[in-house]
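The structure is reproduced here in structure tokens:
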């Protein structure tokens, strides 16, 4: 929410009451004219121009305020000046000595017009102060970040080098030029040259701000980049200090700008606090006179006489005092603004100009290799990642949910165990049929033998195996032992297949879990990639400068709490103004960290800080903001 939106909302109650009263007066005037039109002597015909001018002016200013209700419209001071021009020499109705009902209504309408115009000045001046104060608050954070970082002091010195160097050359040129004019009118003598030119140069050097900053810094134990103790004890330390003099000067310059910003911010905050505390209630004309006197005192407007008409005084304020005050404020702030974009980024732009063309030519000459590189490492990798690590795992998960037979995780073929077991059964049955003496004590059918094999029982042939193993050579020659051994091998193969089948069943029972585990890394990567692209499309950096933004939000919350603590001892106008500035700054930076679905809630909670409530209640609001937002977003 912008500064203009906040100020416009704060005046809506006043605008609403003025609209209701002016509508009532216009209705009464219309009804009166309808009645007067039936009479022969129409009093309203004596001043039709004044009547029309007041109503037209009133409609214009009401139309302006209607725009402020619907949007973040900023009232243009030129519009108010144009409305006030016909009243520059005073009221156009008060000079009429008529006391007719119509003249009384017109006087009331003119008073309503005056109240609208006074309210517009409150809005114009408040919004323009905030438009200066909010960027100045950001400039304060910028200079503070430079002071707290040696690396940024060095970067700032590089950025400011062209400007400082040109100023130094200009001063030297001006100094020599002034002294050379004196020399050209006198006899050329070495003594005169030494006294007039050489000494003048050193005199200017000693009086220069840089040397004075350096001389001041000699008494400090630590300044900016420097943290020295008794540097003058060793020549090396002294030389080191001398070499860092430019950085010390720049550091002191930044500190001075920061102090100046603090001073201007306090002045602006105090003025904003006065504007907030002097918002008129418009119950009577006395309120209008009080508001005009308030602006005259605030803007140091000299009164011509005590009997000057309110419209004339207001015109003088709007036409000259307010523009002059705002221009003076902008002029003061201009020298304290953070460096321009070109000043801050000229090193990068210079490097781009020096090495950019050659780099572009090199890239163009190797465009085929670059194309192949991106085709292989970016396009094909992205397609492969998408197909193999996103689509395939998701399809496997869906197939698992559908329980497709072809999608099951398996470490063995589906019919492998059954085939091996059937083969073992046939081998055992054939062996027993060829050696019936093995089962002479009991008659076993083929189905019974198959049942024994299913349970892993090979007792009939194991007995024969035990006999054959006692005479291995004979058994090998007769051919029974090799066959028995091959049956044992097949039995071992079936046992291994059963073990693998158990593992296979366990894997199949957890197939959905494995599918999600396989798909989760690629889905996480895809989620964060899409989030980064979305942030970039929304004109945000990929990382949103989160660290610096969180730091500024933390400082704003800390400043708000400090202001509330010192509210009982400090100037209340200063506290209210600073609280308004810090709250708007907190809104702007906090909205960069919060999701869109919480911005309405965020604005509502911060608006509670600006309501006219007790300090304890505002403390509760700050604590609520800490508890609700800080833990998760800040």
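Numbering (this note's numbering), first residue to last: 70 to 703.
All residues carry an ideal CB built from backbone N, CA and C; glycine is no exception.
Since the model is a prediction, treat every value here as computed from it, not as a measurement.
Contact check, residue i vs residue j, beta carbons under 8 Å
| i | j | result |
| --- | --- | --- |
| residue 618 | residue 661 | yes |
| residue 697 | residue 658 | no |
| residue 357 | residue 187 | yes |
| residue 333 | residue 401 | yes |
| residue 393 | residue 643 | no |
| residue 125 | residue 182 | no |
| residue 674 | residue 690 | yes |
| residue 94 | residue 185 | no |
| residue 687 | residue 633 | yes |
| residue 235 | residue 454 | no |
| residue 390 | residue 419 | no |
| residue 638 | residue 678 | no |
| residue 588 | residue 466 | yes |
| residue 218 | residue 130 | no |
| residue 572 | residue 553 | no |
| residue 365 | residue 386 | yes |
| residue 559 | residue 493 | yes |
| residue 150 | residue 398 | no |
| residue 132 | residue 381 | no |
| residue 153 | residue 383 | yes |
| residue 448 | residue 320 | no |
| residue 326 | residue 405 | yes |
| residue 704 | residue 198 | Given a span of 70 to 703 for the chain in the structure shown, any question on residue 704 remains unanswerable. |
| residue 412 | residue 243 | no |
| residue 452 | residue 595 | no |
| residue 162 | residue 179 | yes |
| residue 671 | residue 663 | yes |
| residue 348 | residue 142 | no |
| residue 555 | residue 541 | no |
| residue 684 | residue 636 | yes |
| residue 203 | residue 699 | no |
| residue 629 | residue 599 | no |
N-terminal and C-terminal residue of the alpha helix (DSSP H) that residue i is part of
| i | result |
| --- | --- |
| residue 393 | 391 to 403 |
| residue 456 | Where residue 456 is concerned, there is no enclosing alpha helix (DSSP H), given that its DSSP letter is neither H nor E. |
| residue 636 | Element bounds for residue 636: n/a, residue is neither H nor E. |
| residue 422 | 410 to 434 |
| residue 321 | 314 to 346 |
| residue 517 | 515 to 523 |
| residue 202 | 170 to 216 |
| residue 382 | 379 to 385 |
| residue 535 | 528 to 539 |
| residue 146 | 146 to 153 |
Top-ranked residue by Cα proximity to residue i, from the options
| i | options | result |
| --- | --- | --- |
| residue 526 | 498, 545, 537, 542 | 498 |
| residue 569 | 180, 487, 668 | 487 |
| residue 96 | 147, 160, 177 | 177 |
| residue 195 | 144, 220, 174, 229 | 144 |
| residue 117 | 700, 702, 326, 171 | 171 |
| residue 211 | 409, 461, 587 | 409 |
| residue 616 | 319, 163, 214 | 214 |
| residue 324 | 551, 128, 209 | 209 |
| residue 377 | 159, 233, 645 | 159 |
| residue 646 | 346, 319, 232, 152 | 346 |
| residue 193 | 359, 137, 169, 243 | 137 |
| residue 563 | 532, 496, 598 | 496 |
| residue 216 | 553, 460, 173, 322 | 322 |
| residue 30 | 430, 450, 501, 464 | Residue coverage of the chain in this structure runs from 70 to 703, which leaves residue 30 outside it and unanswerable. |
| residue 650 | 230, 342, 239 | 342 |
| residue 624 | 147, 602, 207, 314 | 207 |
| residue 99 | 445, 370, 120 | 120 |
| residue 220 | 134, 230, 204, 316 | 316 |
| residue 229 | 174, 444, 318 | 318 |
| residue 665 | 702, 648, 692, 430 | 702 |
| residue 403 | 128, 586, 205, 538 | 205 |
Cβ-heavy atom distance, residue i to the ligand MG, below 7 Å
| i | result |
| --- | --- |
| residue 363 | With respect to small molecules bound, the structure shown includes none, and the ligand MG cannot be examined in it. |
> Which ranges would you report for the beta strand (DSSP E) in the segment 631 to 697 if only whole runs of at least 3 residues count?
Replying inline: none
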